[in-house]
Amino acid sequence: MKHTIVIYSSITGFAHTYAQWISEDLDADLYSIEELLPLIKHGQVALANYDLIIYGAGIRMGIIRRFSTFRKLIKRAGLSTSKKIIVWANGGTPQHPDRDYRSASRTFNRVELARNDYAYFYFEGGVRYEGLNPIEKGLLKTFAKRVQKYRNRGEWAVAVADHIAEGYDHTNRAAIAPLIARAHDILSKSS
Ligand SMILES: Cc1cc2nc3c(=O)[nH]c(=O)nc-3n(C[C@H](O)[C@H](O)[C@H](O)COP(=O)(O)O)c2cc1C
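Quick note on full-length UniProt numbering: the sequence shown kicks off at 1 and runs consecutively.
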C-alpha cells in the first residue's frame, strides 16, 4: 500500500479546498502545516514513511506561503532530492502558461530550480477578504486599486480588476487533473 500526504497552508480557504480535493483523489492523509508541525516534533508523523509528499498554499506577494517551513521539514527528513515532492500554489489570477511559473521561480532557490527538485502546479483560487488580518486586507485593497490601471495588460488583468473589490471564488476541481496524473506517475515508480 502506497502512502501519500497532502500538506497545505491556507488563510482564506482556497488552498484548503484544493488540498481536500487532492487528498480525496489520492486517498491521502491531509494536514495543515500548522497541525502537522507538532505531530512531526513529537514523532507521531514521519514524512520519510510516505511515498509521495504534496505541499500547497496561497501566494502572498509572489511567494508560496510557508514554503520555507515546508522546505525545513523535507530537509530534516532527508527528502530534499527524493523527487517524491509535488508543490502547488493557488493565487488570485487565472491560469496562464506565461505567468504560472512565476511564483515558483520566486519561491524555490536556484539549486532547487536547477535540480528540478519539485513537480510544480499553479491553480486559480480566488480572493476572499474574510479571515485576512488588517495588514493583508490593506495590501489587497491597495493591489485592488492598482490593478485597475493594468487593464491593458490583457484578459487576466481585466478579470481580476472587475472582481477583486468584492472577491471571487474560481476554484475548479478539474484543474487538479495534471497534478493527480503526476502523482500517479511518481507513485508507480516508487519501490
Ligand atoms: C496580501 C496578499 C497578497 C497576495 N499576493 C498575490 C500574488 O502575488 N499573486 C497572486 O496570484 N495572488 C495573490 N494574492 C491572492 C491569494 O494568493 C489568493 O487569494 C489565494 O487563493 C489565497 O489562498 P488561501 O485562501 O488558501 O490563503 C494575494 C492575497 C493577499 C491577501
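Think of the CB as a built atom: it goes at the ideal place given N, C-alpha and C, for glycine as much as any other residue.
(request) On a CA-only basis, which of D51, A89, E35 is nearest Q44? Give me that one, please. (result) Within the sequence shown, residue 44 is the residue found at index 44, counting from 1. The residue with the shortest Cα to Cα distance from Q44 is E35.
(message) Please tell me whether A77 and R66 are closer than 8 Å, where the distance is taken between their beta carbons.
(response) In the sequence shown, counting from the first residue as 1, residue 77 sits at position 77. In the sequence shown, counting from the first residue as 1, residue 66 sits at position 66. No. Outside cutoff.
(message) What does DSSP give as the partner residue(s) for D169 in the beta ladder?
(response) Reading the sequence shown from its first residue, position 169 is the one you call residue 169. D169 pairs with G126.
(request) Report back the beta-carbon spacing between T171 and Y18 to the nearest angstrom; my notes put them in contact at under 8 Å. (result) The count along the sequence shown starts at 1 and reaches residue 171 at position 171. The count along the sequence shown starts at 1 and reaches residue 18 at position 18. Going by Cβ atoms, the distance from T171 to Y18 rounds to 7 Å, so yes, they are a contact pair.
(message) Less than 6 Å between C-beta atoms, sequence neighbours within five positions excluded: which residues of the same chain meet that for G154?
(response) Your numbering for residue 154 matches position 154 in the sequence shown. Within the same chain, G154 has no close Cβ partners at all.
(message) Does G91 come out as helix, strand or coil in the three-state DSSP assignment?
(response) If you number the sequence shown from 1, residue 91 lands on position 91. Strand, per DSSP.
(request) Flag H16 as yes when its Cβ comes closer than 7 Å to any non-hydrogen atom of ligand 1, and as no otherwise. (result) The count along the sequence shown starts at 1 and reaches residue 16 at position 16. Yes, the beta carbon of H16 sits closer than 7 Å to at least one heavy atom of ligand 1.
(request) Going by CA-CA distance only, name the one from V6, Y31, M61 that's closest to I135. (result) Counting from 1 along the sequence shown, the entry for residue 135 is found at position 135. Selected option, being the one with the closest Cα: M61.
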